[in-house]
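Take a look at the structure below.
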Amino acid sequence: MISEPMDTLWAEQRSSVLAQALGISREEVERWVIADYPETDNAGPLAGHIVELSAEAPPSLLEKLGGSVVTLPPLPFQQGLEGA
Numbered sequence: 004m005i006s007e008p009m010d011t012l013w014a015e016q017r018s019s020v021l022a023q024a025l026g027i028s029r030e031e032v033e034r035w036v037i038a039d040y041p042e043t044d045n046a047g048p049l050a051g052h053i054v055e056l057s058a059e060a061p062p063s064l065l066e067k068l069g070g071s072v073v074t075l076p077p078l079p080f081q082q083g084l085e086g087a
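Counting from 1, position 32 in the sequence shown corresponds to residue 35 in the numbering used here; the numbering is continuous, with no gaps.
This is how it looks when you write it as structure tokens:
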């Protein structure tokens, strides 16, 4: 079972890493990102990271990011929090 402080730490790190990778603010990540998950290739290694944005996200944000589903390179989450 994951503790509340660990959940909070993971959420803060996730928001910061996604914000930097997407070039938007943490607040925008927390408001508009509805899902994010690692992308693997057929053999299983990490190939990148998929970010899905809400259908209610502002059109200007969707245009800036190139749509509601964004594919990023693998992200540098802090070691030890990957599965938190």
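Ideal Cβ placement from N, Cα and C applies to all residues, glycine included.
These numbers were taken from a predicted model, which means no experiment stands behind them.
**Message:** For a test of the three-state rule: what should DSSP assign to Pro48, helix, strand or coil?
**Reply:** coil
**Request:** Could you tell me which of Leu78, Glu7 and Arg17 sits nearest to Ile37, measuring between CA atoms?
**Result:** Arg17
**Residues near Ala60 by beta carbon distance below 6 Å, same chain, minus five either side** = Trp35
**Asked** Taking DSSP as the reference, what is the three-state secondary structure of Leu25?
**Response** helix
**Item:** Cβ pair Val78, Ser71 closer than 9 Å
**Value:** Contrary to the premise, residue 78 reads as Leu rather than Val in this sequence. It is not a contact, given that the beta carbons lie outside the stated cut-off.
**Prompt:** Could you check where the alpha helix (DSSP H) with Glu42 kicks off and where it finishes?
**Reply:** Counting along the chain, Glu42 falls outside any alpha helix (DSSP H), though it belongs to the beta strand (DSSP E) covering Val36 to Thr43.
**Asked** In three-state DSSP terms, what is Leu56?
**Response** strand
**Close beta carbons around Glu15, own chain, < 6 Å, minus the five adjacent residues each side** = none
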